[in-house]
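Enquirer:
Numbering (this note's numbering), first residue to last: 56 to 504.
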């Protein structure tokens, strides 16, 4: 390898190193731009989530208002049904009394008719002739007609009463069906707020899962659900959610608070009953706070939880109602290492934890880039040192080369002249010395001969 080729090799290596440094700077710039874009996207998503929470809050308030309206309508329909039933019973009794009166009148008229007929026949029986019989018929004809009209009137009254009773029965059936449908709608709206522990727990876990999904946290890495844990005595615990923190610590979220009293607060119309329901709701929340404070999740094996527990209240209204009627409940809960959280406040907390994870990932990436940059810097310095060593050795080699060439080509009786003299003397050769050497050998021919 001659000097130009070696210099080209060295230049290529230097260019490769500089290209790697430039590529690293470009990649780092793009990565920083991408992180900035992602942060802006996160802010947009946060605003969208807050707007969605506002919409959901309005929908919940509308649903509660609809439920109240449906319950009011249900009470009105029940009152109408009771009034119609009472009216039907009254009309049935009145109709029955009318029928009895008509039947009595019919029987009385029949009896009177028989008496009149028997009296007439007894007085005129054998003396009547065919002419007298026609006179009797003329006398009894109007009575028969009146009796037929009376019978028809009785039948019409009975038929009309039957039709009215059937129509009223159909109306009552329709109202009862409407009442049942309204009742089912009200039950569907309030079912999640009933005291059934399993239904309430499942519903609260569904709301909690939706909040977790909206927070941006990754399930299985940044949070886990229904993790079974044991304390030192072997007692089993199963918190609803364990949220992981970047520093290896954990946060426990509990969603098993009872909202039965809160549902009663909205379903009662009496002020005294509503006040009693509010007191029961506050007592239920405080009781659950005490139970969570006594569990001491930080002492469980396999978890490095913080000293506090997040108590999730899945209904925003229940959370705000508790704060409105008991201003000390947050402070008292905090003293027991319990923090109350509604869907909106929990989402803010979880989004903050999500950003902590993203910042942690960015810091780890930055540290990895710094480590790689340091290693690249050290390698580059080593390459420069190697080039310096190569340059020094090249200088030494060049100096040694010139010394060897001088010994080969210059001076009295050098090897080039001697080899060329062999050719001149008739040695059979296939190759000639290069021009740079042959000239120097020609210059020394006279000295050899």
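Glycine is no exception: its CB is placed at the ideal position from the N, C-alpha and C atoms.
Roughly how many angstroms separate the alpha carbons of residue 364 and residue 389, rounded to a whole number?
Expert: 9 Å
Enquirer: In whole angstroms, what separates the C-alpha of residue 92 from that of residue 84?
Expert: 12 Å
Enquirer: Going along the chain, which unbroken runs of the alpha helix (DSSP H) with 4 or more residues stay wholly within the segment 121-151?
Expert: none
Enquirer: Using DSSP with H/G/I as helix, E/B as strand and the rest coil, what is residue 362?
Expert: strand
Enquirer: Can you say whether residue 312 is buried or exposed, counting buried as having 16 or more other CB atoms within 10 angstroms of its CB?
Expert: buried
Enquirer: Any Cβ of chain C within less than 8 Å of the Cβ of residue 343?
Expert: Annotation note: the requested chain C is absent from the structure, which comprises a single protein chain.
Enquirer: Reducing DSSP to helix, strand and coil, say where residue 279 ends up.
Expert: strand
Enquirer: Going by the CB atoms, is the gap between residue 262 and residue 278 shorter than 8 Å?
Expert: no
Enquirer: So for residue 324, helix, strand or coil by DSSP?
Expert: Of the three classes helix, strand and coil, the one that applies to residue 324 here is coil, per DSSP.
Enquirer: On the three-state DSSP scale, how would you describe residue 395?
Expert: strand
Enquirer: Can you tell me whether residue 300 is helix, strand or coil according to DSSP?
Expert: coil
Enquirer: Report back the beta-carbon spacing between residue 307 and residue 360 to the nearest angstrom; my notes put them in contact at under 8 Å.
Expert: 5 Å
Enquirer: Is the beta carbon of residue 356 closer than 8 Å to that of residue 300?
Expert: no
Enquirer: How about residue 339 and residue 368: do their beta carbons lie closer than 8 Å?
Expert: In this structure, residue 339 sits away from residue 368, with a CB-CB distance that is not shorter than 8 Å.
Enquirer: As a quick exercise: from 327, 444, 408, pick the residue whose alpha carbon is nearest that of residue 304.
Expert: 408
Enquirer: Is the Cβ-Cβ distance between residue 72 and residue 449 less than 8 Å?
Expert: no
Enquirer: With distance defined between alpha-carbon atoms, name the residue in 477, 417, 457, 401 nearest to residue 264.
Expert: 401
Enquirer: Determine whether the beta carbon atoms of residue 477 and residue 469 lie at a separation below 8 Å.
Expert: no
Enquirer: Starting from residue 292, follow its DSSP beta bridges and name the residues at the other end.
Expert: Per DSSP, 284.
Enquirer: What first and last residue would you give for the alpha helix (DSSP H) that runs through residue 387?
Expert: 384-390
Enquirer: Under the assumption that residue 336 contacts residue 310 (Cβ atoms under 8 Å), give the Cβ distance between them as a whole number of angstroms.
Expert: Contact flag wrong, Cβ pair sits at about 17 Å.
Enquirer: Output the boundary residues of the beta strand (DSSP E) element that contains residue 312.
Expert: From DSSP, residue 312 is part of no beta strand (DSSP E); its letter is neither H nor E.
Enquirer: Rounded to whole angstroms, what's the CA-CA distance from residue 421 to residue 87? Just pull it up for me.
Expert: 10 Å
Enquirer: Quick one: residues in its chain with C-beta nearer than 8 Å to the C-beta of residue 293, no 5 flanking neighbours on either side, listed in chain order?
Expert: 281, 282, 283, 284
Enquirer: Inspect the beta-carbon positions of residue 319 and residue 327 and report whether they are closer than 8 Å.
Expert: No; because the gap between Cβ atoms is not below 8 Å, this pair is not in contact.
Enquirer: For residue 454, which three-state DSSP category applies?
Expert: helix
Enquirer: Quick check: what's the CA-CA separation for residue 112 versus residue 371?
Expert: 7 Å
Enquirer: Would residue 295 be called buried (16 or more neighbouring beta carbons within 10 Å of its own) or exposed?
Expert: buried
Enquirer: Check whether the Cβ atoms of residue 322 and residue 126 lie closer than 8 Å to each other.
Expert: For the pair residue 322 and residue 126, the CB atoms are nearer than the 8 Å cut-off.
Enquirer: Just grab the DSSP bridge partners of residue 367 for me.
Expert: According to DSSP, residue 367 bridges with 396.
Enquirer: When the Cα of residue 329 is compared with those of 352, 288, 366, 380, which residue comes out closest?
Expert: Among 352, 288, 366, 380, the Cα nearest to that of residue 329 is on 380.
Enquirer: Let me make sure I understand the geometry here. Which of 458, 351, 145 has the alpha-carbon closest to that of residue 290?
Expert: 351
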